[in-house]
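Quick notes on the structure that follows.
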Amino acid sequence: MTKNLETKFTQHLFLMGERFDDRVTQWFKGALIIEHDLSEMERGCKLAILMRICSVTMGHKITKLTEVIGGSQKGMTLARLSGAYPVAITQTTAYERGLVTRLVDMVEIVVHLARLHADYSDGLSELRSCMHGLKGASVAHIRDAQSAIQKQNKAISDWVDGLVKQNFRRLLV
């Protein structure tokens, strides 16, 4: 006679809102609960970026994140009813974890590109000021280049924001 060794439901959730709720430990009995506060995180931290993505995408102010690993599915219903966590995303499958990682990485890359654009634009401005008074120098070319780079950066940023919002909704519980 063989025993059925199926594992019990395992979950990995991120519950997000403006406050922590002490009842989480009752809702998700036996789960590992980790609370994260945005004000205590470093700016480039992956969870901080994820919380900012959630704030923008869902239109809720997100300052607290409660990470739930394990526990029962009933806890999710109670968490929703509490009103403390307007945004909840799942991280249970490899696909979901990979999707969150890719979305956060994309946002980091866009931020990096914006910094590079600003540095490049500053360099062009310095070049333009050095050219002042030189024979045959045309600052119009530099202004045009700055404008084109700015438009390109804006287009990429808008496109990535759209992708992040569209795909982020797949993770909502």
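The opening position of the sequence shown corresponds to residue 0 in numbering that gives the first Met the number 0, with each subsequent residue numbered one higher.
Backbone N, C-alpha and C fix where the C-beta goes; we use that ideal spot for every residue, glycine too.
The model shown is predicted, which means the values in this text are computed figures rather than measured ones.
Contact check for L46 against M40 passes: the beta carbons are separated by less than 8 Å. Per DSSP, V86 is one residue of the beta strand (DSSP E) stretching across 86 to 89. Between L170 and E95, the C-beta spacing is below 8 Å. The DSSP assignment places 93 to 130 as complete runs of the alpha helix (DSSP H) inside the segment 85 to 143, in order along the chain (cut-off: 4 residues).
Here the C-alpha atom of K63 lies approximately 16 Å from the C-alpha atom of T24. Selection Q72, W26, R18 evaluated against L37 yields R18 as nearest (Cα-Cα). The beta carbons of K164 and T56 sit about 5 Å from each other, so the pair counts as a contact at 8 Å. Beta-bridge partners of G16 (DSSP): K63. In the DSSP secondary-structure assignment, I32 is bridged to V67. Distance from the CA atom of Q151 to the CA atom of V109, rounded to whole angstroms, is 12 Å. Under the 10 Å beta carbon count, A139 is surrounded by fewer than 16 other beta carbons and is classified as exposed.
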